[in-house]
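Structure record follows, encoded as structure tokens.
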Amino acid sequence: MDHANLIAIDVHTHAEVSCWNPFDSYGEEYDRAADKYFRSNRRPTIAETIAYYRERRIGLVMFTVDSESNLGRRRIPNEEIAQAARENSDMMMAFASIDPHKGKMGAREAERLIREEGVKGFKFHPTVQGFHPYDRMAWPIYEVLDAHRMPVIFHTGHSGIGSGMRCGGGLRLEYSNPMHLDDVAISFPDMQIVMAHPSFPWQDEALSVATHKPNVWIDLSGWSPKYFPKQLVQYANTLLKDRILFGSDYPLITPERWMKDFEEAGFRPEVMPGILKGNAVRLLGLA
Numbered sequence: 001m002d003h004a005n006l007i008a009i010d011v012h013t014h015a016e017v018s019c020w021n022p023f024d025s026y027g028e029e030y031d032r033a034a035d036k037y038f039r040s041n042r043r044p045t046i047a048e049t050i051a052y053y054r055e056r057r058i059g060l061v062m063f064t065v066d067s068e069s070n071l072g073r074r075r076i077p078n079e080e081i082a083q084a085a086r087e088n089s090d091m092m093m094a095f096a097s098i099d100p101h102k103g104k105m106g107a108r109e110a111e112r113l114i115r116e117e118g119v120k121g122f123k124f125h126p127t128v129q130g131f132h133p134y135d136r137m138a139w140p141i142y143e144v145l146d147a148h149r150m151p152v153i154f155h156t157g158h159s160g161i162g163s164g165m166r167c168g169g170g171l172r173l174e175y176s177n178p179m180h181l182d183d184v185a186i187s188f189p190d191m192q193i194v195m196a197h198p199s200f201p202w203q204d205e206a207l208s209v210a211t212h213k214p215n216v217w218i219d220l221s222g223w224s225p226k227y228f229p230k231q232l233v234q235y236a237n238t239l240l241k242d243r244i245l246f247g248s249d250y251p252l253i254t255p256e257r258w259m260k261d262f263e264e265a266g267f268r269p270e271v272m273p274g275i276l277k278g279n280a281v282r283l284l285g286l287a
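Per UniProt numbering, the sequence shown starts with residue 1, numbered consecutively.
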């Protein structure tokens with residue numbers, strides 16, 4: 001990634017539409033619920049997302065979420081995202097997602113994606129994947145990621161996915177309590193753990209884990225900065241200023257909206273460049 005020519009790096013964007021696989025309408029009600037929750041109905045292709053970010057000179061990390069076991073939805077191929085990243089390596093990186101229920105087979109896939117496809121990190125979503133991050137079934141995959149010193153993004157806090165559906169779509173919010181990552185951070189010290197989103201209703205837990213464990217970071221995706229809890233802004237300005245990352249959750253939130261609100265959310269001018277780009281440069285090994 002040619003970060004010197006980018007104004008920011010968005011570490012949290014989603015692949016929404018595959019050009020390799022036919023459209024999978026199974027479970028589409030989760031998309032409609034998310035659209036209503038985020039007041040958005042954008043479903044761009046991978047190429048459209050890249051073009052959008054290139055026009056704005058913003059780097060991006062893109063991933064899908066493999067929830068095949070829990071939701072029964074066909075995932076977008078990790079390989080499709082990896083190929084797009086190779087073709088746009090000046091401004092894009094690919095993270096992979098593997099359902100932790102795949103255990104040792106998932107570990108084999110992780111190794112292959114790192115060695116053959118060049119993925120630079122991984123994404124887990126405990127709520128939609130239906131697992132506690134400390135569950136030993138995920139350990140074989142974590143062992144591979146730790147050995148390769150991969151950055152790994154974990155969804156934390158309330159999920160817009162399933163919000164408003166009958167029984168919340170059967171998704172359990174408790175899986176995404178950031179305190180569950182404490183054991184993971186201890187057991188895999190070479191795996192850089194990114195807690196995604198303001199972790200409502202567990203913001204203090206997230207700040208505690210990140211303050212205590214130096215291999216834990218926080219990305220600010222999924223919310224407009226004007227709604228951030230005051231303690232999150234306080235820690236971003238002080239103790240955690242070197243481990244806070246810009247993320248939008250695109251296409252559910254656009255980087256333009258996020259960056260506009262960021263200017264007025266109480267962040268100190270001296271920490272803003274690190275949040276927008278500098279911290280991601282270090283996390284992603286670009287410098």
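Each residue gets a CB set at the ideal place from its N, CA and C atoms; glycine is no exception.
Count the C-beta pairs between the stretch 122-141 and the stretch 169-185 that are closer than 8 Å, then say yes if the count reaches three, no if not.
-> Yes: the two stretches touch, three or more of their Cβ pairs being nearer than 8 Å.
Taking three-plus beta-carbon pairs below 8 Å as touching, is the stretch 111-131 in contact with the stretch 238-248?
-> no
Would you tell me roughly how many angstroms separate the C-alpha atoms of LEU171 and ILE81, rounded to the nearest one?
-> By 1-based counting over the sequence shown, the position of residue 171 is 171. By 1-based counting over the sequence shown, the position of residue 81 is 81. Their backbone Cα atoms lie some 26 Å apart in a straight line.
Where PRO255 sits in the DSSP three-state scheme | By one-based count along the sequence shown, residue 255 stands at place 255. Helix, per DSSP.
Grab the span of the alpha helix (DSSP H) containing MET105 for me, first residue to last.
-> For the purposes of this step, residue 105 is taken as the residue at position 105 of the sequence shown. 103-112 is the extent of the alpha helix (DSSP H) around MET105.
Identify, in the order they occur along the chain, each residue of the same chain with its Cβ nearer than 6 Å to the Cβ of PHE124, setting aside the five sequence neighbours on each side.
-> Counting from 1 along the sequence shown, the entry for residue 124 is found at position 124. For PHE124, where only same-chain residues beyond five positions count, the Cβ hits under 6 Å are PHE154.
Whole-angstrom distance between THR49 and VAL11, CA atom to CA atom | Sequence index remark: in the sequence shown, residue 11 carries index 11 (1-based). Sequence index remark: in the sequence shown, residue 49 carries index 49 (1-based). So the two alpha carbons sit approximately 14 Å from each other.
To the nearest angstrom, how far is it from the Cα of PRO100 to the Cα of ASN78?
-> As a working mapping, residue 100 is identified with position 100 in the sequence shown. As a working mapping, residue 78 is identified with position 78 in the sequence shown. Spanning the two alpha carbons is a distance of roughly 15 Å.
Under three-state DSSP, which class holds ASP217?
-> Residue mapping note: residue 217 aligns to position 217 of the sequence shown, counting from 1. Strictly speaking, residue 217 in this sequence is Trp, with Asp absent from that position. Strand at TRP217.
Host alpha helix (DSSP H) of HIS212 (start-end) = In the sequence shown, the residue the question calls residue 212 occupies position 212. Start and end: 203-212.
Tell me whether HIS14 sits in a helix, a strand or coil according to DSSP, three-state version.
-> Position 14 of the sequence shown, counted from the start, is the residue given in the question as residue 14. Reduced to three states, the DSSP call for HIS14 is strand.
If you check the beta carbons only, do GLY160 and LEU252 fall under 8 Å apart?
-> Working through the sequence shown from its first residue, we reach residue 160 at position 160. Working through the sequence shown from its first residue, we reach residue 252 at position 252. Going by C-beta atoms, GLY160 is nearer than 8 Å to LEU252.
In three-state DSSP terms, what is HIS155?
-> The count along the sequence shown starts at 1 and reaches residue 155 at position 155. Three-state DSSP puts HIS155 in a strand.
Cross-strand partners of ILE58 (DSSP beta bridge) | For this step, residue 58 is matched to residue 58 along the sequence shown. Bridge partners of ILE58: ALA8.
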